[in-house]
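Numbering (the numbering used here), first residue to last: 2 to 431.
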């Protein structure tokens, strides 16, 4: 997206807001279509009462602390979302974002530009409901996991890793062109999907302050990525209060691997099987969760930067609870590489934990959040706090503080070492 194109869109949207039209009453809540069940005629009629189009603008700035203060983020954002029925049994949703990076933003500095811009299609699909069946075609995210913040089984979609630690995980998924089908019953439901052309993670570009160290910079790189489709099936059943799901999927790694050869670096991504289990069980205001995923053929480098493949077992346990209007969650994920060999890079067992707390004040206009993330057997902790205030139906402001300390040079987050960041953001929705 060109900067001038982005500015024209901003001007048009502000003009729409300034002059206003009754046909675009966009302040009502979005009756978002859930993948849980097809919309009934009553739900469809309810949705028609509101405009299906929403758009929002935001502007944010972040300063890196801990040394000489330095602005690292300075950007404007645009989000367009359309969600509404096409007919009595057909529904569509489009959710796209665009970002304009100003000269002081590290994204523009990396490319040595005064401005830079990009966009992301989160969702763009059409869904057809037919009795207890639902078919969806287009760019979408398939979320197969119950434990918040864990990728034990929630690994179907690629993610935007360029600022992974500063963005909610729900906002970094990248939609893929997919055909999915879901069926619903009283005690059993299922989901299945096919993705003809899988995508890959969006990583920090070379030269970015968040790009990992590359000891092979300058070597030629040859890409040999597979062109195989992804597909999978998950069945979910209820046993009393508990819900359990079994899943099986043939996937392509979201993150490609690199192997050192005589001709330079070879980029590969070996397809693998995921066999998984999701569980959740409510106890009063508390929900216990578990995800278990067995993944075959995971790429691991050795000391000479060759590539070997090992199976891995990922296990995640989580808890969510509400206590006197305090919402809390905690989770831990453990990754075990099977048949570990001496000379491999990394550790045979690794993992991470997530902690979170939130509470609303002032008639739910002010929301406070605290969070923590840490590596189990490596030096690394991330703490964050956020305050978000809803001024009125349109305007929202927030501020956040991130304190990051990573001491293990083998950590995937080592590029974020000693990062302390203060962020301020304003958002207006029409």
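Cβ coordinates follow ideal geometry from the N, Cα and C atoms, glycine included.
Going by Cα to Cα distance, which pick from the options is closest to residue i?
i: residue 176; options: 207, 219, 123 and 132; result: 123
i: residue 114; options: 120, 102 and 125; result: 102
i: residue 119; options: 150, 374 and 80; result: 80
i: residue 421; options: 56, 211, 66 and 58; result: 66
i: residue 373; options: 141, 342 and 406; result: 406
i: residue 89; options: 418, 313 and 128; result: 128
i: residue 359; options: 259, 389, 224 and 271; result: 389
i: residue 219; options: 207, 226 and 228; result: 207
i: residue 354; options: 379, 369, 341 and 363; result: 379
i: residue 303; options: 295, 328, 342 and 322; result: 342
i: residue 365; options: 349, 104 and 392; result: 392
i: residue 221; options: 245, 261 and 412; result: 261
i: residue 52; options: 142, 85 and 58; result: 85
i: residue 274; options: 411, 310, 281 and 167; result: 310
i: residue 308; options: 257, 276, 283 and 351; result: 257
i: residue 100; options: 264, 411 and 62; result: 62
i: residue 410; options: 126, 173 and 213; result: 213
i: residue 254; options: 245, 266, 227 and 264; result: 227
i: residue 415; options: 382, 136 and 395; result: 382
i: residue 223; options: 267, 194 and 204; result: 267
i: residue 168; options: 327, 386 and 288; result: 386
i: residue 413; options: 215, 326, 322 and 276; result: 215
i: residue 137; options: 395, 408, 110 and 193; result: 193
i: residue 395; options: 419, 418, 431 and 417; result: 431
i: residue 283; options: 76, 204, 244 and 166; result: 244
i: residue 367; options: 288, 350, 400 and 349; result: 400
i: residue 191; options: 166, 158, 246 and 170; result: 246
Return the first residue and the last residue of the beta strand (DSSP E) that residue i is part of.
i: residue 430; result: 421-430
i: residue 324; result: 308-324
i: residue 59; result: 54-66
i: residue 117; result: 117-131
i: residue 184; result: 177-185
i: residue 166; result: Unbroken run through residue 166: none, as it is neither H nor E.
i: residue 396; result: 396-407
i: residue 223; result: 222-224
CB residue i to CB residue j, shorter than 8 Å?
i: residue 345; j: residue 301; result: yes
i: residue 347; j: residue 330; result: no
i: residue 144; j: residue 202; result: no
i: residue 107; j: residue 73; result: yes
i: residue 178; j: residue 233; result: no
i: residue 337; j: residue 146; result: no
i: residue 134; j: residue 184; result: yes
i: residue 211; j: residue 164; result: yes
i: residue 286; j: residue 324; result: yes
i: residue 292; j: residue 181; result: no
i: residue 121; j: residue 97; result: yes
i: residue 312; j: residue 334; result: no
i: residue 369; j: residue 362; result: yes
i: residue 230; j: residue 196; result: yes
i: residue 236; j: residue 189; result: yes
i: residue 156; j: residue 248; result: no
i: residue 398; j: residue 384; result: no
i: residue 402; j: residue 423; result: yes
i: residue 426; j: residue 57; result: no
i: residue 332; j: residue 317; result: yes
i: residue 125; j: residue 95; result: yes
i: residue 294; j: residue 277; result: yes
i: residue 432; j: residue 162; result: In the structure displayed, the chain extends from 2 to 431; residue 432 sits before or after that span and is not available.
From the DSSP output, read off the bridge partner residues of residue i.
i: residue 239; result: 244
i: residue 283; result: 288
i: residue 262; result: 265
i: residue 385; result: 372 and 403
i: residue 231; result: 196
i: residue 278; result: 247 and 293
i: residue 160; result: 174
i: residue 301; result: 309
i: residue 97; result: 81 and 122
i: residue 74; result: 63
i: residue 273; result: 252
i: residue 139; result: 126 and 179
i: residue 1; result: Lying before the first or after the last residue shown, residue 1 is absent from the chain, which here runs from 2 to 431.
i: residue 203; result: 161
i: residue 86; result: 92
i: residue 102; result: 76 and 117
Could you check where the alpha helix (DSSP H) with residue i kicks off and where it finishes?
i: residue 110; result: 107-111
Please confirm whether residue i has its beta-carbon closer than 8 Å to some beta-carbon of chain B.
i: residue 307; result: As a matter of chain content, chain B is missing from the structure shown, which is built from one protein chain.
Every unbroken beta strand (DSSP E) within the stretch 327-380, with a cutoff of 3 residues, ordered by chain: 327-338, 350-362 and 367-376
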